[in-house]
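So the sequence shown is numbered by my numbering: it starts at 1368 and just counts up by one.
We put the CB at the ideal spot given by N, CA and C, even for glycine.
Let me begin by presenting the structure, written as structure tokens, before commenting on it.
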Amino acid sequence: MSSSASLSEIETLEAFTEELVARLSRVVPEGEVRLKAPLAWEILRLKKTVNAVILGHNYMEPVLYHSVPDYTGDSLQLSAVAAETDADVIVFCGVWFMGETAKILSPDKIVLVPSTKAGCSLAEGVTADDVLRLKEQFPGAPVVSYVNTYASVKAVSDYCCTSGNADKVVRYLLNAGHDRIIFVPDRYLAENTARQLGLRFWMAGGEEEAPASGGGPMVIGWRARCEVHELFTPEDVENVRRQYPDAIILAHPECSPEVIERADVAGSTKLMVDYVRQNPAKRFALFTECAMGDNLAAEFPDRELVRSCSLRCKHMNTITVEDTLRSLQTLTPRVELDPDIISRARKPIDRMLAIR
Ligand code: 13P
Ligand code: SF4
């Protein structure tokens, strides 16, 4: 997990600005960097004053991602930092459910998410009542909820998972003897995980009746989808393949199974970032939020990152350098959760962290 320590060690605003301009020259217009650099500089100063740690998801816009976070990474990595930090304040530059996870893991800390508008179509796509109904329909089946859920859903779930460990969590449950596993809310992550492990998949709430037990282990999915990743099509992958035959194609498992089966590599944002960092190829194509490609393009000026910037996550994009500064100045908006929800939602997260 990288950190922007080298930038935060620079001693003057002028040198800091020039370094940021140079680092982002391929991906952000110079004027924009010069406008935002003093704000980032002020964030770095204020962060020390209030003893804050700043976590930046891989989808953060390039100026923010490359300047202020102490840690960057995927939701699993950043949750682990949130669980262990000594800081008094956690600033989560990511979406709201990520801030909730940090609050569940560090309930005594002040947890800030710089914008209250940073939702997520997956987290909005399932409620605690939906989960309770599924549990009634499939008694004894464990519920795995993707970390992209709100705390109220985690509180009625048995295990959590991220896109980085969904296969491990499901395999663990199979080894524990379960042959029906409820997996909410992302239909595609559930189906991709079932395919990866050679399991049957059935969509709850659809037209088809639930298959009778006895035909082999089955993942029971839910209907929510990521409003960004669902837009990538198999034709998009084929077009990129035709246009850039040497590109390694990486896709997030929130994409449809038809996209995933045509990609070379599928995995969490961490897996994709690590893959690019460790693989000497000159060209990669990313089927995920475009900012991650920008961030990698800035890190690797000698490589080409093919990406589609017409598909953006409007939620991740609401987190800006400006909002992050305001958030540190006012110590708002804070993530607040009911203590009972915190203690119930912690169990599935702890179980997931133990499996990892
Ligand atoms: P990661 O856990 O892979 O970072 O994904 C979070 C997310 O919201 C992807 O759309
Ligand atoms: Fe949610 Fe999709 Fe945005 Fe990720 S990219 S935060 S899953 S809407």
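Of the residues assessed, G1634 falls on the buried side of the cut-off, its CB having 16 or more other CB atoms within 10 angstroms. F1459 and S1580 have their C-alpha atoms some 43 angstroms from each other. If you check the CB distance, L1445 and M1427 do not come in under 8 angstroms.
Look at D1534 here: in three-state DSSP terms it is helix.
The alpha-carbon separation between A1665 and V1394 amounts to approximately 6 angstroms.
Setting aside the 5 residues that flank it on each side, L1698 is surrounded in the same chain by V1417, V1456, I1477 and L1479, each with a C-beta closer than 8 angstroms to its C-beta; the list follows chain order. Where A1618 is concerned, the enclosing beta strand (DSSP E) starts and stops at I1615 to A1618. Membership of F1383 in the alpha helix (DSSP H) is indicated by the continuous run L1380 to R1390. No heavy atom of the ligand 13P is found nearer than 7 angstroms to the CB of D1534. Between R1670 and F1654, the CB-CB gap reaches or exceeds 8 angstroms. Within the model, the alpha-carbon separation for M1719 versus T1516 is close to 14 angstroms.
For G1423, the closest of E1376, V1462 and M1639 by C-alpha to C-alpha distance is V1462. A direct Cα-to-Cα measurement between A1485 and S1675 gives close to 21 angstroms.
Y1517 carries a coil assignment under DSSP once its states are collapsed to helix, strand and coil.
With 16 or more other Cβ atoms from the protein chains shown falling within 10 Å of its own Cβ, R1592 counts as buried.
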